[in-house]
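Trainee: Please see the structure below; I have some questions.
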Amino acid sequence: MGGQMDESRKKATICLVIPCFNEAKRLQTKAFEDAIVKQNLHFLFVNDGSSDHTLEVLQAFASQYPNQVRIVDSTPNLGKGNAVRKGMLDSLLWKPFDYTGYWDADLSAPLSEVKIIVEPMLAAGYQFAFGSRLLRIGGNIKRNGFRHYVSRISATFAAETLGLPVYDTQCGAKIFSHQIVEGLFKMPFISSWLFDVELFFRAKQLWNKAEFYKHTIEIPITKWTEVGGSRLRFNNLIKVPLELFKIRNFYKNTW
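Here you go:
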């Protein structure tokens with residue numbers, strides 16, 4: 070059974086959108102190269118108005134793998150959510166992938182985790198699979214204590230707003246079947262940093278409750294390591310309820 074699953078994964082075409090903002094010094098091109106060679110993954114990098122040499126680094130990498138790496142250059146900066154949206158929609162014009170998702174450029178979740186998320190989709194036909202950073206025995210989840218607690222409070226607010234038993238809406242490891250990409254990403258996001266929550270509301274618009282639970286799965290990833298470079302302040306926590314209220318009001322007609 071395991072061998073059959075490996076063969077299915079090799080045959081499935083998978084594209085990951087990687088939003089990039091000033092990643093020139095920390096982009097792990099070797100890790101992306103390994104994933105291209107060993108997992109046959111495709112990558113669509115979105116340079117989101119970077120002010121450093123990110124675009125040049127990406128272009129040099131793409132020149133080595135022109136069939137499996139695509140660059141989208143966005144100026145001015147769109148913010149992560151709409152940079153992801155731009156990449157997801159562009160992937161529809163690139164190739165007819167079976168699955169398309171997005172992944173954090175810093176590889177907090179290593180690319181080896183892609184198979185953890187994709188395999189249940191292949192086995193059971195899930196159309197929306199997303200990773201969660203669940204601290205547990207047997208997992209290797211390394212997080213800064215303050216960020217963990219702030220994230221857990223925010224995640225609880227998000228789950229209550231959605232009315233869904235979601236543990237982690239914000240993990241930057243999400244994969245979708247090609248059938249639902251346009252439906253989820255055709256409209257711009259109204260939130261610059263809680264766009265993931267909007268995706269769940271949009272999925273609720275696509276499906277009724279029974280269909281949502283049939284097509285969606287949350288999967289604890291096995292490895293995740295906090296990467297420095299982004300700031301999380303206490304006042305971000307204060308803003309969360311206001312941002313979630315704005316989102317809830319915008320998607321008020323969902324179940």
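So the working numbering is basically just the index in the sequence shown, starting at one, shifted up by 69. Virtual Cβ for every residue (Gly too), placed ideally from N, Cα, C.
Per DSSP, what kind of secondary structure is Gly367 in: helix, strand or coil?
Mentor: Limits of the chain in this structure are 70 at one end and 324 at the other, which puts residue 367 out of reach.
Trainee: Beta-carbon within less than 6 Å of Gly148's beta-carbon, same chain only, minus the 5 sequence neighbours each way: which residues are those?
Mentor: Ser261
Trainee: Please state whether the Cβ-Cβ distance between Leu176 and Gln239 is less than 7 Å.
Mentor: no
Trainee: Grab the span of the alpha helix (DSSP H) containing Glu280 for me, first residue to last.
Mentor: Lys278 to His284
Trainee: Suppose contacts are defined by Cβ-Cβ distances below 7 Å. Is Val141 in contact with Asp117 by that definition?
Mentor: no
Trainee: Between Thr323, Phe130 and Val309, which has its C-alpha nearest Ser223's C-alpha?
Mentor: Of the residues Thr323, Phe130 and Val309, the one whose Cα lies closest to the Cα of Ser223 is Val309.
Trainee: Is the separation between the beta-carbon of Thr294 and that of Lys243 shorter than 7 Å?
Mentor: With contacts defined by Cβ atoms closer than 7 Å, Thr294 and Lys243 do not form a contacting pair.
Trainee: Using only CA atoms, which one of Glu102, Leu110, Tyr195 and Glu92 lies nearest to Lys80?
Mentor: Leu110
Trainee: Just verifying my parser: in three-state terms, what is the DSSP assignment at Trp262?
Mentor: coil
Trainee: Does Asn318 pass the burial test, meaning 16 or more other C-beta atoms within 10 Å, or should it be called exposed?
Mentor: Counting the other Cβ atoms within 10 Å of the Cβ of Asn318 gives fewer than 16, which makes it exposed.
Trainee: When you compare the CB positions of Ala93 and Val126, do they come within less than 7 Å of one another, or not?
Mentor: yes
Trainee: Under the three-state reduction of DSSP, which class applies to Thr323: helix, strand or coil?
Mentor: coil
Trainee: Return helix, strand or coil for Thr238, following the three-state DSSP convention.
Mentor: coil
Trainee: Which residues bound the beta strand (DSSP E) around Leu127?
Mentor: Looking at the DSSP string, Leu127 is not in any beta strand (DSSP E); the run it does join, the alpha helix (DSSP H), is Thr123 to Gln133.
Trainee: Mind checking whether Ile290 and Tyr195 have CB atoms under 7 Å apart?
Mentor: no
Trainee: In the DSSP assignment, the beta strand (DSSP E) including Asp103 goes from what residue to what residue?
Mentor: Per DSSP, Asp103 lies in no beta strand (DSSP E) segment; the continuous alpha helix (DSSP H) that holds it begins and ends at Thr98 to Gln108.
Trainee: Which residue or residues does DSSP assign as beta-bridge partners of Pro88?
Mentor: Val115
Trainee: Put Ala192 into one of helix, strand or coil per three-state DSSP.
Mentor: helix
Trainee: Would you tell me roughly how many angstroms separate the C-alpha atoms of Ala131 and Leu124, rounded to the nearest one?
Mentor: Distance between the alpha carbons of Ala131 and Leu124 is about 10 Å.
Trainee: According to the neighbour-count rule (16 or more other Cβ atoms, all chains shown, within 10 Å of its Cβ), is Phe112 buried or exposed?
Mentor: buried
Trainee: From Lys155 to Val250, what does the alpha carbon distance come to, in whole angstroms?
Mentor: 11 Å
Trainee: Could you check the C-alpha separation between Phe264 and Gly150 for me, to the nearest Å?
Mentor: 6 Å
Trainee: From which residue to which residue does the alpha helix (DSSP H) around Arg154 run?
Mentor: Judged by DSSP secondary structure, Arg154 falls within the alpha helix (DSSP H) whose first and last residues are Lys149 to Trp163.
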